[in-house]
Every structure is written in structure tokens, then in C-alpha cells.
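Chain order of the listed sequences is G and B.
Taking the UniProt record's numbering, the leading residue of the first sequence gets 1, the next gets one more, and so forth.
Taking the UniProt record's numbering, the leading residue of the second sequence gets 1, the next gets one more, and so forth.
First up is the structure itself, then whatever we jot down about it.
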Amino acid sequence: MSVIGSDNRNLRLGVRYLVLILIALIFVLPLLFMVMSSFKPSDELLRDTSSLRAFLPVGQLSLDNYTGAFERAPVGLFVFNSIFVTGTTVLLSLVICSLAGFSFVFLQWRGRDVMLSIILATFIVPFETIAIPLLLEVSKLPWLGLDGLSWGWLDSYRVQIIPWIADGLTIFLFVQYFKGLPGELIEAARVEGASWFQIYRRVVIPLSGPVIATAAILKFLIMYNQYLWPLIVVQQEQYRPVMVGLQYFFQLNPAWGEIMAYLTLITVPVLAFYLVLQKAFIASIASTGVKG
Amino acid sequence: MADIKLRGLRKSYGAHEVIRGVDIDIADGEFCVFVGPSGCGKSTLLRMIAGLEDISGGTLEIDGERVNDVQPRERGVAMVFQSYAIFPHMSVRENMAFGLTISGASKAEKAEKVQRAAEILQMEHLLDRRPSQLSGGQRQRVAIGRAITRNPSVFLFDEPLSNLDAALRMDMRMQIGKLHKQLGATMIYVTHDQVEAMTLADKIVVLRDGLVMQSGSPMELYHNPANRFVAGFLGAPSMNFLEVEVLEADSENAKVARHSMDPIVVPVRGRKFAPGDTALLGLRPQYVTPSTPDEGVLHGQVSLVERLGSETVVDLAMEDGTSLIAAFSEDKQFERGERIDLAFDPARTHLFHPDE
Chain G
1 MSVIGSDNRN LRLGVRYLVL ILIALIFVLP LLFMVMSSFK PSDELLRDTS SLRAFLPVGQ
61 LSLDNYTGAF ERAPVGLFVF NSIFVTGTTV LLSLVICSLA GFSFVFLQWR GRDVMLSIIL
121 ATFIVPFETI AIPLLLEVSK LPWLGLDGLS WGWLDSYRVQ IIPWIADGLT IFLFVQYFKG
181 LPGELIEAAR VEGASWFQIY RRVVIPLSGP VIATAAILKF LIMYNQYLWP LIVVQQEQYR
241 PVMVGLQYFF QLNPAWGEIM AYLTLITVPV LAFYLVLQKA FIASIASTGV KG
Chain B
1 MADIKLRGLR KSYGAHEVIR GVDIDIADGE FCVFVGPSGC GKSTLLRMIA GLEDISGGTL
61 EIDGERVNDV QPRERGVAMV FQSYAIFPHM SVRENMAFGL TISGASKAEK AEKVQRAAEI
121 LQMEHLLDRR PSQLSGGQRQ RVAIGRAITR NPSVFLFDEP LSNLDAALRM DMRMQIGKLH
181 KQLGATMIYV THDQVEAMTL ADKIVVLRDG LVMQSGSPME LYHNPANRFV AGFLGAPSMN
241 FLEVEVLEAD SENAKVARHS MDPIVVPVRG RKFAPGDTAL LGLRPQYVTP STPDEGVLHG
301 QVSLVERLGS ETVVDLAMED GTSLIAAFSE DKQFERGERI DLAFDPARTH LFHPDE
């Protein structure tokens with residue numbers, strides 16, 4: 001009996017692993033194809049798509065596509081622009097949205113619930129519907145820079161950053177997480193003499209590692225993948241982000257090898273960011289032992 | 001140090017009034033315990049004193065100053081919570097120094113005050129640990145330590161021992177008692193455990209449905225309860241209430257009787273009764289003694305015996321079906337179903353109106 005039981009368990013385990021491996025392959029294979037193809041000439045790359053060779057480092061491998069990509073477009077500048085815009089937006093968003101979430105959960109003020117409902121309702125509005133009104137708005141906004149007052153934000157970093165700092169989803173994530181924090185910790189801090197900002201900085205934020213990591217990853221992905229907005233507000237190459245830069249490779253004859261090399265290059269920061277935060281995410285969960 | 005005055009204090013959530021006009025005076029250095037069943041408003045009252053709940057009506061004075069609208073941090077109070085509420089991301093040392101850090105105290109001052117509090121609570125060896133590495137009792141000591149370091153004029157305890165096991169609870173109870181003697185600060189302590197109330201308090205305030213039922217010293221409340229609720233709430237096991245008929249009554253005494261009890265004369269303690277009235281005779285289980293069939297006043301059958309070593313608690317089923325608890329101060333052996341006769345000193349009973 002026990003032999004049959006253990007056989008059954010092994011079989012179930014085997015099937016489970018098989019399903020997991022298949023699911024993993026769905027996600028890994030396109031990445032593998034991208035990386036492998038980035039080392040192959042365009043014609044070979046297209047030929048290989050009909051066989052498993054597409055996923056293997058075989059054939060005429062070289063770094064030519066990478067050199068070609070750098071020649072065709074200022075890849076370094078685009079990656080810098082994207083990282084700068086994304087990084088700044090993520091940081092500012094974490095500060096602003098966590099402060100908003102804190103205010104919605106811990107402070108009492110008139111109209112709080114209505115305001116939260118309105119913010120949450122913005123979830124269901126697709127960006128495409130507000131893109132044009134937003135464009136008209138930012139094209140007329142004033143800006144006080146080092147060279148004095150100017151009008152219109154087009155062709156700048158700020159036009160890519162500021163409209164994206166606060167968003168309903170990130171605020172919602174913070175609100176939900178803060179609601180789960182033990183209320184007595186906040187009350188204890190109040191009785192101990194902490195101001196609301198001190199409670200935010202010294203108690204709430206240090207306990208919010210998991211939600212900060214989650215919000216940062218989500219925001220990073222949204223910002224790094226920005227295409228439509230920078231396409232309409234940025235005309236100068238100087239401020240162009242990576243996704244818009246992809247256009248450089250889709251001329252009359254798309255250079256598939258170079259496209260793959262470019263995509264590989266711009267994927268690296270995303271993976272690096274995710275891996276770094278994943279570690280922080282796990283560490284913060286492990287260290288948060290509120291209950292006795 | 002500070003005295004506290006509550007005058008007509010009220011708290012409402014919408015139309016629902018949870019504190020319905022409370023007047024309490026707590027003297028400087030007094031240990032005052034708010035006690036009552038769940039939902040009586042004792043924790044709400046404490047939180048109003050702490051400044052964590054708004055006051056809907058009445059006046060709260062700390063040290064002669066009206067503090068109704070004063071922020072918690074400006075009231076000079078420290079609070080210990082039931083769930084400890086110590087910050088999980090800080091070490092014990094940082095937790096204890098939190099209030100001082102917030103107020104901008106110097107490193108030396110923080111170190112000195114944390115050290116002093118740790119010595120008082122005998123937890124110097126725990127200072128560098130994280131809360132997750134501490135037991136429940138140790139965490140509660142950290143919470144108390146955090147309160148001590150700020151040297152507040154009033155300590156507030158909100159059921160601080162409820163999450164601890166029985167042995168630890170007794171140990172911590174004694175520590176809190178000693179702490180009060182040592183610091184001499186005004187302390188307000190909320191509990192639903194009447195043993196904690198009786199052992200710790202200089203003054204007990206018994207609350208029910210947002211009203212003060214009675215306040216006074218533990219012994220005053222135990223021996224002279226103002227009403228049936230207070231009589232039943234304080235004392236373990238609880239006071240027995242036997243329905244009796246008043247045969248005769250004057251301003252001092254009343255003669256009462258019931259089916260399974262011979263007529264006796266008991267003091268009325270200021271209450272007015274008339275012959276023919278139905279009343280409740282309050283009889284503490286500890287004041288009942290075993291007797292003989294001739295001398296015994298109460299007669300019944302043993303339905304349950306609890307032998308605790310130092311005390312024997314007997315549940316007696318009387319002839320009319322009511323039950324009576326008797327607690328004898330030594331180890332006695334009774335058999336279930338055994339018929340026994342009990343006597344008591346009528347002078348130690350209380351006579352209540354049924355609707356009190």
C-alpha cells in the first residue's frame with residue numbers, strides 16, 4: 001500500500017513540476033529568443049524562427065548587432081533618459097503617494113472618504129482618454145527654472161515626470177497596507193509625543209518595506225515602458241526614452257538583429273531593478289514581526 | 001505628579017452615547033483602577049484621558065488644567081497598551097528611548113534614563129534585542145519601560161496583562177504594584193479582572209454602560225457595595241443572590257425568609273423595605289460555613305466540588321432548585337449528591353431591591 005501511495009505522490013509531484021516548467025518556459029523562451037537573436041545576423045535570425053535553433057547559441061554569432069545598434073541610435077542617452085525619468089518618478093511617487101495614503105488612513109479631515117473614492121475611480125479611466133487634454137494642459141503650464149520663468153513643459157524631463165508622480169493605484173496600495181498596520185502602534189507613538197510627520201517617518205515608513213517594494217516595482221515597470229506619452233510630448237532626441245527610441249530601428253527594412261540587441265540592452269536595467277528590490281522585499285517581510 | 005478630575009465627561013459616536021456623564025477625582029499619586037464588564041466604556045474613558053478619543057462633553061482636568069482639546073503629547077501622560085504596541089523595527093533600547101528621541105533629548109540623557117528604567121524592570125540584558133526575540137512578558141516590560149523613561153505625571157494602563165498567561169500575569173501585577181510604590185506617580189489602570197483591581201488599586205471605579213456605579217477603596221466596595229451590580233462584580237466567586245420575602249422591616253433591619261431557608265434578621269444598610277416585598281439577599285460565598293441540620297440556615301445537595309487546596313468551592317443545589325456557591329477556606333471533602341447544611345452571619349449579608 002505504502003509503495004503505491006509513494007508512487008502516486010511522486011507522480012503528482014512530477015506532473016506539478018511539468019506544469020510549472022511549461023508555464024516558466026512561456027515566459028523564458030521569448031527572452032531567450034531575444035538574447036540569442038541579438039548575436040545573429042538578421043537573415044539567419046529569421047531562418048532560425050522555424051526551428052529550435054532560435055533559442056540556441058548556434059550559427060554565426062557576433063557582437064555586430066550591438067555595434068550597429070549603438071551606431072543607429074544614441075542608446076546610452078535613451079537608457080539614461082529612461083532611468084532618470086523612471087528613477088525620479090518612482091522616488092517622488094513613493095513619497096507623495098505614501099503621504100497621501102497616510103493622510104487617508106490616519107488623519108481625520110472633512111471630505112476624506114469622498115476624495116479617496118474619487119482617486120480610486122481614476123483607476124478605470126484609460127490614459128489614452130486623458131492624453132490629449134493633459135497634453136494641452138502641460139503645453140501651457142509655467143515653469144520657473146534657472147533661466148527664469150518659461151511657459152509650456154513640452155520637450156523636457158519634467159513633462160515626463162510630474163504628471164506621473166501621483167496615481168490612484170499607488171495610493172490605493174499604500175492605503176490598503178497602512179490599514180493593516182496595528183493602530184495601537186500609531187496611538188503609542190502619538191502618546192509618546194510624536195507629531196504626525198514623525199509617526200509617518202519613524203513608525204509607518206520603516207514598517208512599510210513590502211508595500212514600498214511592490215509600489216516601486218509596479219511604478220518602475222509603468223514608467224520604463226512609457227511610449228505614448230513621451231511620443232507626443234517629446235520631439236527632441238535629447239529627452240527621448242528607450243521605448244520611443246525603438247522607432248529608430250523600424251525604418252523601411254527593420255534591422256531585426258539590431259532590434260534584438262537594443263531590446264536586450266534596455267531589458268537589463270529592468271531585470272537589475274527587479275532583482276535588487278526582490279531581495280529588499282523578502283528581507284522586509286522577514287523582519288516585520290508585529291504580532292506576539 | 002498630577003491629580004485628575006473628570007466632570008460630567010461624555011462620549012458619543014453619532015447618536016450612540018458610550019460615556020454618559022462621568023465624575024471621578026483621582027488624587028496625585030493615586031492608583032486608580034477602572035473596572036467593569038466588556039463594553040462598559042472603561043477603555044474609552046482611559047483613551048479620552050490619553051487624548052486618543054475626542055471628548056463629546058464635560059471637562060477633563062489634569063493637574064488643574066483643562067485638557068479637553070490638548071494633544072496627547074502635551075498632556076504629560078504615558079500609556080501601556082494591551083497589545084504592548086512596541087515598535088517591531090526598533091531594538092528594546094530604541095523602543096524605550098522613543099519618547100525621548102522625539103523630544104530631542106541628548107544621547108547621554110537617553111542612555112541614563114533607559115538604563116534606569118531597565119534596572120527598575122530588571123531587563124538590562126534585553127536592551128539590544130528586537131521585540132520579535134522577546135516573550136510576551138518581556139514585551140510588556142518594554143512597553144512599561146518606554147512609559148517610565150519619559151517620567152510622565154500620569155501612567156495609563158489599558159488591560160496590560162490580558163495577553164499574558166496566569167502565572168506571568170500575577171508576576172507582572174506585583175511588578176506594577178511595586179513600580180507604583182517606587183515611582184509614586186498617578187496611575188490609571190483599566191481591567192475587567194477584579195483580582196487585578198482589588199490587589200492594585202487605591203481606588204476602584206466600577207463602570208457599567210458608561211456610568212460610574214461606585215468608586216472607592218477596594219475594601220469599601222467589597223464590604224459596602226452601592227448596588228447589586230457592584231456586589232456581584234467584585235469578589236471571586238461572585239456574591240450569591242437569593243430571592244427572599246420580607247416578613248418585617250424597619251430602618252435598620254429586615255426579617256426575611258425563603259423556601260429553603262429559615263427566617264433571619266439582616267441589616268438593610270439604608271434601603272427601605274416593606275413587609276411582603278420581594279428582595280435579593282446578597283451572600284458572599286466566603287461567609288458561608290458548614291453547619292449542623294439543627295443550626296444550619298441553608299440546606300441543599302452538593303452538585304459540584306472544586307478543591308483548590310487552600311480553598312474548597314462547592315456548588316449547592318437547594319431544595320427549590322436555585323444554586324448557591326460556598327467557598328470554604330480550607331481543603332474539605334464533599335461527595336457529589338451529599339446533603340449539607342450551611343450557616344452564615346446575617347450581619348455580613350446585603351439586602352437589595354430586585355431592580356437595582
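All residues carry an ideal CB built from backbone N, CA and C; glycine is no exception.
Under the three-pair Cβ rule at 8 Å, the segment 81-93 of chain B does not count as touching the segment 20-27 of chain B.
The C-beta separation of residue 242(B) from residue 257(B) comes to about 11 Å, leaving the pair out of contact by the 8 Å criterion. Residue range 75-106 is occupied by the alpha helix (DSSP H) that includes residue 93(G).
The DSSP assignment places 112-121, 127-138, 158-161 as complete runs of the alpha helix (DSSP H) inside the segment 103-166 of chain G, in order along the chain (cut-off: 4 residues).
Beta bridge pairing from DSSP links residue 216(B) with 204(B). Our two residues, residue 127(B) and residue 115(B), have alpha carbons roughly 9 Å apart in a direct line.
Here residue 281(B) is bridged, per DSSP, to 242(B), 351(B). Secondary-structure assignment with DSSP links residue 341(B) through a beta bridge to 291(B), 299(B). The alpha helix (DSSP H) runs of length 4 or more contained entirely in the segment 148-207 of chain B are, from start to end of the chain, 166-183, 194-200. Using a C-beta cut-off of 8 Å, the segment 185-197 of chain B makes contact with the segment 157-169 of chain B, since at least three inter-stretch Cβ pairs fall below that distance. Apart from the 5 residues on each side of it in sequence, residue 237(G) sits with its Cβ closer than 8 Å to the Cβ of 74, 77 in its chain, given in chain order. Cα atoms of residue 103(B) and residue 144(G): separation of roughly 38 Å, rounded to the nearest angstrom.
Per the DSSP secondary-structure output, residue 11(B) pairs in a beta bridge with 19(B). Of all residues in the segment 179-209 of chain G, only 182, 184, 185, 187, 188, 190, 191, 192, 193, 194, 198, 203, 206, 207 place a beta-carbon less than 7 Å from a beta-carbon of chain B. Contacts between residue 81(B) and chain G, judged by CB atoms closer than 8 Å, involve 184, 187, 188 in chain order. The beta-carbon separation of residue 153(G) and residue 141(G), rounded to 5 Å, stays under the 8 Å limit for a contact.
For the C-beta of residue 180(B), not a single chain G residue is nearer than 9 Å; the gap to the nearest is close to 19 Å.
Interface with chain G (7 Å Cβ-Cβ cutoff): residue 52(B) is included. Taking a 10 Å sphere around the C-beta of residue 256(G), we find 16 or more other C-beta atoms and assign the residue as buried. Non-local C-beta neighbours of residue 88(G) in its own chain, meaning closer than 6 Å and more than five positions away in sequence, comprise 161, ordered along the chain.
Here residue 93(B) has 114, 127, 128 as same chain residues with Cβ atoms under 8 Å from its own Cβ, once five neighbours each way along the sequence are excluded. Note: residue 4(B) is bridge-paired with 26(B), 62(B) in the DSSP secondary-structure output. With the criterion set as a beta carbon lying under 7 Å from some beta carbon of chain G, the members of the segment 93-108 of chain B are 98, 99, 102, 103, in sequence order.
Listed along the chain, the chain G residues whose CB falls inside 9 Å of the CB of residue 73(B) are 190, 191, 192, 193, 194, 195. For a Cβ distance threshold of 7 Å, residue set 185, 203 of chain G lies close to residue 87(B), ordered along the chain.
For the C-beta of residue 77(B), the chain G residues within less than 7 Å are, from N- to C-terminus, 191. In this structure residue 208(B) does not touch residue 282(B) by the C-beta definition: roughly 17 Å separates them, more than the 8 Å allowed.
Taking 7 Å as the cut-off, the beta carbon of residue 219(G) is found no closer than this to the beta carbon of residue 51(G). When secondary structure is reduced to three states using DSSP, residue 57(B) falls in the strand class. Beyond the five residues adjoining it in sequence on each side, residue 104(G) comes within less than 7 Å, by CB distance, of 112, 116, 175 in the same chain, given in chain order. Spatial neighbours of residue 212(G) in its own chain (CB-CB distance under 7 Å, excluding positions within 5 residues in sequence) are listed in chain order as 94.
Residue 285(B) is positioned such that its CB atom lies no closer than 7 Å to that of residue 317(B). In the DSSP assignment, residue 113(B) falls outside any beta strand (DSSP E) and lies within the alpha helix (DSSP H) extending over 107-120. For residue 43(B), the enclosing alpha helix (DSSP H) covers residues 42-50. Nearest in C-alpha terms to residue 245(G), of all of 72(G), 108(G), 192(G), is 72(G).
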